[in-house]
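Just so you know, we're using my numbering here: the first sequence kicks off at 4 and counts up by one. Here the structure comes first, spelled out in structure tokens, and everything after it is commentary.
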Amino acid sequence: MSIPRNPTEAHRNFFQDVHEVVRLVPEGRVTTYGAIAHYLGARHGARMVGWAMMAAHTANEYVPAHRVINRNGLLTGKQHFATPTAMQAALEAEGVPVQDDQVQDFKTRFWDPSTELG
DNA sequence: CTTCTGACTGAAA
DNA sequence: GTTTCAGCCAGAA
Numbered sequence: 004m005s006i007p008r009n010p011t012e013a014h015r016n017f018f019q020d021v022h023e024v025v026r027l028v029p030e031g032r033v034t035t036y037g038a039i040a041h042y043l044g045a046r047h048g049a050r051m052v053g054w055a056m057m058a059a060h061t062a063n064e065y066v067p068a069h070r071v072i073n074r075n076g077l078l079t080g081k082q083h084f085a086t087p088t089a090m091q092a093a094l095e096a097e098g099v100p101v102q103d104d105q106v107q108d109f110k111t112r113f114w115d116p117s118t119e120l121g
């Protein structure tokens, strides 16, 4: 999958919506693609959230993309970072232990925007 | 137009 | 616990 060559206004709005939610994830906590999709009203699938994350590095404001993982707590997006270890390093730097691409104690570190933000 | 792919997920076996 | 399968929507060839 790739970022649209000529993003439409709708695209940019969608990217910004996703990025805004990701920025609300506190340090030391993580969320999932599906949780973000659900918070945005389930009008977009989880895959579309992942798609929007590809544009995270081109966003004007910082997006903590390392806090977004899949429902199993796996760092499925690590290959999209500058280096294969950047995602894990960023998580561990804020106190989230990772082993074998898996966030430890994922269940208690999970931050659901739908319940946390209302 | 068809087909394949993907930072995904929930259900079913 | 596992593997498999079908939806999901956008983009590229």
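Cβ atoms here follow ideal geometry from the backbone N, Cα and C, with glycine treated the same way.
Span separating the alpha-carbon of residue i from that of residue j
i	j	result
residue 28	residue 114	7 Å
residue 70	residue 52	13 Å
residue 109	residue 97	14 Å
residue 73	residue 121	22 Å
residue 119	residue 46	20 Å
residue 103	residue 80	14 Å
Cβ distance (whole Å) where residue i is taken to contact residue j below 8 Å
i	j	result
residue 117	residue 38	7 Å
Residue interval of the alpha helix (DSSP H) (run including residue i)
i	result
residue 26	12 to 26
residue 109	109 to 112
residue 68	Where residue 68 is concerned, there is no enclosing alpha helix (DSSP H), given that its DSSP letter is neither H nor E.
residue 117	116 to 119
residue 85	Looking at the DSSP string, residue 85 is not in any alpha helix (DSSP H), and its letter there is neither H nor E.
Close Cβ partners of residue i (< 8 Å) along its chain, the five nearest in sequence each way excluded
i	result
residue 57	4, 5, 6, 83
Residues of its chain near residue i, where Cβ-Cβ distance is below 7 Å and the 5 sequence neighbours each way are ignored
i	result
residue 66	22, 25, 26, 59
query: Three or more beta-carbon pairs under 8 Å between the stretch 50 to 63 and the stretch 88 to 103, yes or no?
result: With the cut-off at 8 Å, the stretch 50 to 63 and the stretch 88 to 103 do not touch.
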